[in-house]
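J.:
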Amino acid sequence: MKDKKDHLISRTEFLNRSKAACCLGILGGIPRLNSQPNEYENIKAEGRTLGKTGIPVAPLGFGASHVKDPALIKYAINKGLRFIDTGRVYLGGQNEFILGRVLKDLSQEMVIQTKVGINIMKNVPDLNASKAGDKVRNILEMELKTSLEALKRDTIDILLLHRSSVNALVHHEEVMDFFQKAKKDGKIRACGFSSHTNQVELLAAANKSMFYDVVMVPFNPKGSYVNARSNRGGSWDQSALEPELKKALTNGIGIVAMKTCSGGPYAPEAGASPSFKEGLKWVTKKSYIGIAAVSMGTYQEIDENTSLL
Numbered sequence: 008m009k010d011k012k013d014h015l016i017s018r019t020e021f022l023n024r025s026k027a028a029c030c031l032g033i034l035g036g037i038p039r040l041n042s043q044p045n046e047y048e049n050i051k052a053e054g055r056t057l058g059k060t061g062i063p064v065a066p067l068g069f070g071a072s073h074v075k076d077p078a079l080i081k082y083a084i085n086k087g088l089r090f091i092d093t094g095r096v097y098l099g100g101q102n103e104f105i106l107g108r109v110l111k112d113l114s115q116e117m118v119i120q121t122k123v124g125i126n127i128m129k130n131v132p133d134l135n136a137s138k139a140g141d142k143v144r145n146i147l148e149m150e151l152k153t154s155l156e157a158l159k160r161d162t163i164d165i166l167l168l169h170r171s172s173v174n175a176l177v178h179h180e181e182v183m184d185f186f187q188k189a190k191k192d193g194k195i196r197a198c199g200f201s202s203h204t205n206q207v208e209l210l211a212a213a214n215k216s217m218f219y220d221v222v223m224v225p226f227n228p229k230g231s232y233v234n235a236r237s238n239r240g241g242s243w244d245q246s247a248l249e250p251e252l253k254k255a256l257t258n259g260i261g262i263v264a265m266k267t268c269s270g271g272p273y274a275p276e277a278g279a280s281p282s283f284k285e286g287l288k289w290v291t292k293k294s295y296i297g298i299a300a301v302s303m304g305t306y307q308e309i310d311e312n313t314s315l316l
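The opening residue of the sequence shown carries number 8 in the working numbering; numbering runs sequentially from there.
1) Identify whether Arg-239 lies in helix, strand or coil by the three-state DSSP scheme.
2) Please say whether Ile-163 and Ile-195 have beta carbons closer to each other than 7 Å?
3) If you count every other CB in all the chains shown that lies within 10 Å of the CB of Glu-181, and 16 or more means buried, which is it?
4) Pull up the distance between the alpha-carbon of Arg-300 and that of Ala-139, whole angstroms please.
5) Closest to Lys-81 by C-alpha separation, out of Phe-218, Gln-120, Ile-105 and Ser-237, would be which residue?
6) Give the DSSP bridge partners of Gln-120, in chain order.
7) Going residue by residue through the stretch 221–303, where are the continuous alpha helix (DSSP H) segments of at least 4 residues, counting only ones entirely within it?
8) Of all the options Glu-276, Gly-58, Thr-60 and Ala-65, which has the alpha carbon lying nearest to the alpha carbon of Lys-292?
9) In the DSSP assignment, find the alpha helix (DSSP H) that holds Arg-108 and state where it starts and stops.
10) With a floor of 4 residues, list each alpha helix (DSSP H) that falls wholly inside the stretch 131–196, ordered by position along the chain.
11) Apply the 10 Å Cβ neighbour rule to Met-303 and answer buried if 16 or more other Cβ atoms are within range, or exposed otherwise.
12) Could you tell me whether the Cβ atoms of Pro-225 and Trp-289 are closer together than 7 Å?
13) Does DSSP put Thr-60 in a helix, a strand or coil?
14) Can you tell which of Glu-311, Gln-101, Arg-160 and Gly-94 has its C-alpha closest to the C-alpha of Lys-111?
15) Going by beta carbon distance, what residues of the same chain come within less than 8 Å of Asp-244, once the five residues before and after it are set aside?
16) What separation, rounded to the nearest whole angstrom, lies between the Cα atoms of Leu-155 and Asn-258?
17) Under 8 Å by Cβ, that's how I've got Leu-88 and Gly-68 pegged, so tell me the actual separation to the nearest angstrom.
18) Buried or exposed for Arg-95, please, with buried defined as at least 16 other CB atoms from any protein chain shown within 10 angstroms of its CB.
19) Give the straight-line distance between the Cα atoms of Asn-135 and Arg-144, rounded to the nearest whole angstrom.
20) Quick one, are the C-beta atoms of Ala-255 and Thr-60 less than 7 Å apart?
21) By the 10 Å Cβ neighbour count, where 16 or more other Cβ atoms means buried, how is Asn-214 classified, buried or exposed?
22) Can you tell me which residues form a DSSP beta bridge with Gly-68?
23) Exposed or buried, which one is Gln-115 when buried takes at least 16 other CB atoms within 10 Å?
24) Counting only C-beta atoms, is Thr-313 closer than 7 Å to chain B at any point?
25) Using the Cα positions of Ile-125 and Val-131, report the straight-line distance between them to the nearest angstrom.
26) Relative to the C-alpha of Phe-186, which residue among Val-123, Ala-211 and Asn-234 is closest?
27) Determine the extent of the alpha helix (DSSP H) in which Ser-216 is found, giving its start and end residues.
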């Protein structure tokens, strides 16, 4: 029997085969939130906020990690997308700079989420070592400084610890102190972490500590994903993850879903034609999902995602 990966086509390939296979993005309109009258007054978000952050979000966000063309970012914004996900390491550190050149000329209010990270094996192999805390703090402070400069912003809406896999780092004293200070200094509004592996344990820990505002995890109907560009993938125990996602909703932790289309097309019922549209609908209809940050690298993907705006 062939491995399931052999049968999993990428979203781009699927779209090329069938124009009917499209992802769903619905952005409704509501009055602006009283809790954030200045920062987000023009963002329309269907009445939802991201956890306890007070940041308004719509079901669909723009994953810009592979975007090199500023015109594509402008196109996504003009199509109604107001949440952009990026990261310090994307495109060799250039993705934030590309995005920043677009943001500086915008009149629209935007929500920007970026990520800073620590290579534990390379930089801090022993988190209990005497100088480990200093290294952790220095790395994060430098990454945040660079991100602010690249994005040309005084404040980043959401800052995540990137590719988290061990709780010892996620809840390291220096990491939490770094986030608290960044908030106090007005450099970020909300903090959290993203995780591609061990996400059930990490989300459970976040539900216990109640420290983090936002958590970003892979989530789709299949319970696994394959990256179309790298062919690397991962999986999770859906039955264990969903209860923690529900707890996060109760605890006011905003959940950002990723890899929503990387599980392949989804058929909601027997006899129905599988599509990415249905897969994304399955994700965004979950009450505990604040927003789906969907990677979009072409004009066609943006059009398909925003076709029902």
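Think of the CB as a built atom: it goes at the ideal place given N, C-alpha and C, for glycine as much as any other residue.
T.: In short:
1) coil
2) yes
3) buried
4) It is worth fixing the name first, because residue 300 is Ala in this sequence and not Arg. Cα to Cα, the separation comes out at about 33 Å.
5) Ile-105
6) Asp-92 and Ile-165
7) 245–258 and 283–291
8) Ala-65
9) 102–110
10) 139–158, 174–177 and 180–191
11) buried
12) no
13) helix
14) Arg-160
15) Val-207 and Gly-230
16) 29 Å
17) 7 Å
18) buried
19) 14 Å
20) no
21) buried
22) Ala-300
23) exposed
24) Looking for chain B here will not work: only one protein chain is present.
25) 8 Å
26) Val-123
27) 206–216
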